[in-house]
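Chains A and B supply the protein sequences, listed in that same order.
The end of the first sequence is residue 387 by the numbering used here, with every number in the run present.
The end of the second sequence is residue 387 by the numbering used here, with every number in the run present.
We put the beta carbon where it would ideally sit given N, CA and C, even for glycine.
Treat the numbers as computed from the prediction; the structure is a model and nothing was measured.
Worksheet for the structure shown next.
Protein chains: 2
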Amino acid sequence: MAKKAKRGPEETAPELELTGRDVDTMDRLQTLARRVIESAEKHRDPHLDVPSRSLSNAHFNRKKRFIEMGDRTNRRELFNLNQARMYMQTMLAGSGCSRLLRQGKSTSIRGLYYMLKHTIEGTKEETFDDQAESDAVIEDLEVLAGALREELHLYAQTRGSLVGTITFEDSGDTIDASRMGSGGYSIPSIVEPEIIKFKKCDAKFILHVEKDTVWQRFNQDKFWQKHKCILTHGSGQPPRGVRRLLYRMHNELKLPLYCLLDNDPWGYYIYSVLKQGSINLAFESQRMAIPAARYLGLRSIDFDRCELKPNVTIKLNDQDRKRAQQIAKYPWFADKKPWQAEIKKMMDNGFKLEVESLISKDISYVTEVYVPDRLRQGDFLD
Amino acid sequence: MAKKAKRGPEETAPELELTGRDVDTMDRLQTLARRVIESAEKHRDPHLDVPSRSLSNAHFNRKKRFIEMGDRTNRRELFNLNQARMYMQTMLAGSGCSRLLRQGKSTSIRGLYYMLKHTIEGTKEETFDDQAESDAVIEDLEVLAGALREELHLYAQTRGSLVGTITFEDSGDTIDASRMGSGGYSIPSIVEPEIIKFKKCDAKFILHVEKDTVWQRFNQDKFWQKHKCILTHGSGQPPRGVRRLLYRMHNELKLPLYCLLDNDPWGYYIYSVLKQGSINLAFESQRMAIPAARYLGLRSIDFDRCELKPNVTIKLNDQDRKRAQQIAKYPWFADKKPWQAEIKKMMDNGFKLEVESLISKDISYVTEVYVPDRLRQGDFLD
Numbered sequence: 006m007a008k009k010a011k012r013g014p015e016e017t018a019p020e021l022e023l024t025g026r027d028v029d030t031m032d033r034l035q036t037l038a039r040r041v042i043e044s045a046e047k048h049r050d051p052h053l054d055v056p057s058r059s060l061s062n063a064h065f066n067r068k069k070r071f072i073e074m075g076d077r078t079n080r081r082e083l084f085n086l087n088q089a090r091m092y093m094q095t096m097l098a099g100s101g102c103s104r105l106l107r108q109g110k111s112t113s114i115r116g117l118y119y120m121l122k123h124t125i126e127g128t129k130e131e132t133f134d135d136q137a138e139s140d141a142v143i144e145d146l147e148v149l150a151g152a153l154r155e156e157l158h159l160y161a162q163t164r165g166s167l168v169g170t171i172t173f174e175d176s177g178d179t180i181d182a183s184r185m186g187s188g189g190y191s192i193p194s195i196v197e198p199e200i201i202k203f204k205k206c207d208a209k210f211i212l213h214v215e216k217d218t219v220w221q222r223f224n225q226d227k228f229w230q231k232h233k234c235i236l237t238h239g240s241g242q243p244p245r246g247v248r249r250l251l252y253r254m255h256n257e258l259k260l261p262l263y264c265l266l267d268n269d270p271w272g273y274y275i276y277s278v279l280k281q282g283s284i285n286l287a288f289e290s291q292r293m294a295i296p297a298a299r300y301l302g303l304r305s306i307d308f309d310r311c312e313l314k315p316n317v318t319i320k321l322n323d324q325d326r327k328r329a330q331q332i333a334k335y336p337w338f339a340d341k342k343p344w345q346a347e348i349k350k351m352m353d354n355g356f357k358l359e360v361e362s363l364i365s366k367d368i369s370y371v372t373e374v375y376v377p378d379r380l381r382q383g384d385f386l387d
Numbered sequence: 006m007a008k009k010a011k012r013g014p015e016e017t018a019p020e021l022e023l024t025g026r027d028v029d030t031m032d033r034l035q036t037l038a039r040r041v042i043e044s045a046e047k048h049r050d051p052h053l054d055v056p057s058r059s060l061s062n063a064h065f066n067r068k069k070r071f072i073e074m075g076d077r078t079n080r081r082e083l084f085n086l087n088q089a090r091m092y093m094q095t096m097l098a099g100s101g102c103s104r105l106l107r108q109g110k111s112t113s114i115r116g117l118y119y120m121l122k123h124t125i126e127g128t129k130e131e132t133f134d135d136q137a138e139s140d141a142v143i144e145d146l147e148v149l150a151g152a153l154r155e156e157l158h159l160y161a162q163t164r165g166s167l168v169g170t171i172t173f174e175d176s177g178d179t180i181d182a183s184r185m186g187s188g189g190y191s192i193p194s195i196v197e198p199e200i201i202k203f204k205k206c207d208a209k210f211i212l213h214v215e216k217d218t219v220w221q222r223f224n225q226d227k228f229w230q231k232h233k234c235i236l237t238h239g240s241g242q243p244p245r246g247v248r249r250l251l252y253r254m255h256n257e258l259k260l261p262l263y264c265l266l267d268n269d270p271w272g273y274y275i276y277s278v279l280k281q282g283s284i285n286l287a288f289e290s291q292r293m294a295i296p297a298a299r300y301l302g303l304r305s306i307d308f309d310r311c312e313l314k315p316n317v318t319i320k321l322n323d324q325d326r327k328r329a330q331q332i333a334k335y336p337w338f339a340d341k342k343p344w345q346a347e348i349k350k351m352m353d354n355g356f357k358l359e360v361e362s363l364i365s366k367d368i369s370y371v372t373e374v375y376v377p378d379r380l381r382q383g384d385f386l387d
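Laid out in structure tokens, this is it:
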């Protein structure tokens, strides 16, 4: 396999010279492969030590302020009837990704599943029975190789747009995000420095809103022009590409990130993932989480503060109350008094508030009053 | 109300000079309002004749080749206890839209709900109890005023991107869709000629693919450059903005539209809506349906034709079989032998095929072999 890694027999497509991060990613994949050879040469059983992705191996690092993966690993052996299948699947996924790197192409995790699915010669055994199997193995491969799946040339769904006072290059094309009309620029799934290169940025901050319909209001009112900022949305829980781009803009361009989300447990959760990372994919937090993100609103105090009418509120249901209690106990919210007050106040209110409820004041209240007031007052939750 | 239509007391935002289509839309809204005054002056009970949006009032026009709304109307009277509430809701929605037009702003149907929701003075009566009520009234208003909801300044969700050899203006910004990087241009919800103006088009056709992940493959392989075309996706069932933009490009730029969808009942249905319109919103077909659209694939014959392996197929379930039988009976498929054969073959196969299954041949088989072959051979379903 170590020899094959340079040229596999399976592909006919021309191979490219690897560049940038791909060289490093390929090296990590080849290291995995080389270990098999080394074990064989030493007459030892090949194995992989896969970092454990269980909840108990994820913890909140209070210093770094994001969710981190612990040190626990599980051994996966080739010559173990219970583990052989998954061992081989892991190596197969690694070989698939190295093929993608060498071809300079990428695909979805569904695409990789189809690419690798086959009946093993001379048997009736399938490499993968369903996509759930290959998805799990891809997550293993990410932590094994220490590479985000985007670096393994795997893309996710895209949903999310961007406009604002920033110019960057995307795959060689210059994108002036201040001239993107009403539609905006679709944020791609893979936004690594090889693809997206920042050129010129006049923005002073990033405003990330939850929904595309709210984003449209901010874009129509040219909020980003008036306030010199970058305006993004992620159609609800932002996909990986949006999170990673926010991370890069925040860290490389030193832009504060403000989040405008609904005043409900789902909005709190979106904030939590943007800020601290997700528990399920703790490995990725270090390259996606933005601990300095700020929660600008909506807040539980907004019903009184903005003098809203009761008929724009939405009653909390049992599910909401349960989720709110869970979220209040997250370690990164548990010791923050303002967050405890925020969540308690929502429970006491007995209702949630969508960003759109501000339209009952005026269609542009959110862009002309609400957000500018919060920014001027420096009034947000951490 | 007729007098108020020019200047409502509710808004403080500056009013704009109406331009283009807005003049016409406002006129249609004012006509509705004027009828109330006229009735009152003649001491008659005000009423609206709302075209019936029931299924039985939608039919397939074989000459125009799209789903059309019939002539049946339902009378809605102000002085009728059963109808007064809905009558007033309809007029309220009309007044809300006229306010949007005069402010030169637009909002989502959720936004309009929040904008219009209030407790009627001196009563405990709410104008709308929930959004379902205002959504239904908006659909009534569209047919009453003979205006698409986009013309009433109401936007829908956006999901869908575009790249290709076309340059257009969006709200004054020039968008060169051949220089949009890996992300592409986010197709907005409102794409009427006042917002999107076509400038230069070198494209020979439009390729619309179902999913964003497939779109990414075509964009990465620069398919649109090689084949001089426009490449779009709609993240599944395309939203209104995507359908309307495809309609405009097809009709104004005389570009054939080819659809690359999954070989399953859902793919057939997406094609059906793009081509003939949707039964629920028959009124909009005349401005959205593209009867000359072509179904390029995937086809039920592709398992054999492309020599796919059984392990990339997905077994049909009961729901699939039921949907397929329904779709086979749609009047626009019922008398087309190739479509009957297509659907029957899928049932006989007993499985469906996703576009991604072609990756099992080669990651770029779909962009380099499958679609180019079909285009060269002129091989598609009508």
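- Cβ proximity to chain A below 9 Å picks out Lys-314, Pro-315, Asn-316, Val-317 from the stretch 287-318 of chain B.
- At the C-beta level, Ala-150(B) and Leu-34(B) come within 8 Å of one another.
- A straight-line Cα-Cα distance of about 10 Å links Cys-264(A) and Leu-386(A).
- Three or more beta-carbon pairs drawn from the stretch 165-173 of chain B and the stretch 182-192 of chain B are found closer than 8 Å, and the two stretches are therefore classed as touching.
- The continuous alpha helix (DSSP H) containing Glu-43(B) extends over residues 26-46.
- Under the 8 Å criterion on CB atoms, Gly-241(B) is classed as non-interfacial with respect to chain A.
- Partner residues in a beta bridge of Val-360(B), as assigned by DSSP, do not exist.
- Within the stretch 146-167 of chain A, the residues whose Cβ lies closer than 9 Å to some Cβ of chain B are Tyr-160, Ala-161, Gln-162, Thr-163, Arg-164, Gly-165, Ser-166, Leu-167, listed in chain order.
- By the Cβ rule, the stretch 212-222 of chain A counts as touching the stretch 238-248 of chain A, because three or more pairs are nearer than 8 Å.
- The C-beta of Lys-129(B) has fewer than 16 other C-beta atoms within 10 Å across all chains shown, which makes the residue exposed.
- Exclusion of the five residues before and after Ser-111(B) leaves Leu-105, His-158, Leu-159, Tyr-160, Ile-195 as the residues of its chain whose Cβ lies within less than 7 Å of its Cβ.
- With 16 or more other Cβ atoms from the protein chains shown falling within 10 Å of its own Cβ, His-232(A) counts as buried.
- Thr-78(B) is the residue among Asp-54(B), Leu-53(B), Thr-78(B) whose C-alpha sits nearest the C-alpha of Ser-61(B).
- For Met-351(B), no Cβ of chain A is located within less than 8 Å of the residue's own Cβ.
- Of all alpha-carbon atoms in Ile-201(A), Lys-350(A), Leu-262(A), Asp-134(A), the one lying nearest the alpha-carbon of Ala-298(A) is that of Leu-262(A).
- Residue contact check for Pro-336(A) against chain B: no CB pair falls below 8 Å.
- Nearest Cα to Ile-143(B) within the set Thr-124(B), Pro-56(B), Ser-305(B): Pro-56(B).
- Closer than 8 Å to the CB of Asp-178(B) there is at least one CB belonging to chain A.
- Residue burial is scored here from C-beta neighbours: Leu-97(A) has at least 16 other C-beta atoms within 10 angstroms and is therefore classed as buried.
- Against chain B, the CB of Tyr-370(A) has no partner CB under 8 Å away; the residue lies outside that interface.
- Contact of Thr-124(A) with chain B is assigned, a C-beta pair being separated by under 8 Å.
- DSSP, read as helix, strand or coil, puts Cys-102(B) in helix.
- Using a CB distance cut-off of 8 Å, Gly-99(B) does not count as an interface residue toward chain A.
- Looking at the DSSP output, Gly-239(A) bridges to nothing.
- At a cut-off of 8 Å between C-beta atoms, Pro-193(B) counts as an interface residue with respect to chain A.
- At least one CB atom of chain A sits nearer than 8 Å to the CB of Asp-175(B).
- A straight line joining the alpha-carbon of Lys-357(A) with that of Met-351(A) spans about 7 Å.
- For Ser-103(B), the closest Cβ of chain A is not nearer than 8 Å.
- Just so you know, the alpha carbons of Ala-63(B) and Glu-155(B) end up roughly 22 Å apart.
- With respect to chain A, the C-beta atom of Ser-139(B) has no partner C-beta closer than 8 Å.
- DSSP, read as helix, strand or coil, puts Ala-287(B) in helix.
- Taking CB atoms only, Thr-24(B) has no neighbour in chain A less than 8 Å away.
- The C-alpha of Arg-26(B) is placed about 54 Å away from the C-alpha of Lys-334(A).
- Contact between Asp-175(B) and Ile-200(B) holds: CB atoms are separated by about 6 Å, below the 8 Å threshold.
- Judged by DSSP secondary structure, Ser-139(B) falls within the alpha helix (DSSP H) whose first and last residues are 136-150.
- Taking each of Gln-230(A), Tyr-190(A), Pro-198(A) in turn and checking the Cα distance to Lys-209(A), the smallest one comes out for Gln-230(A).
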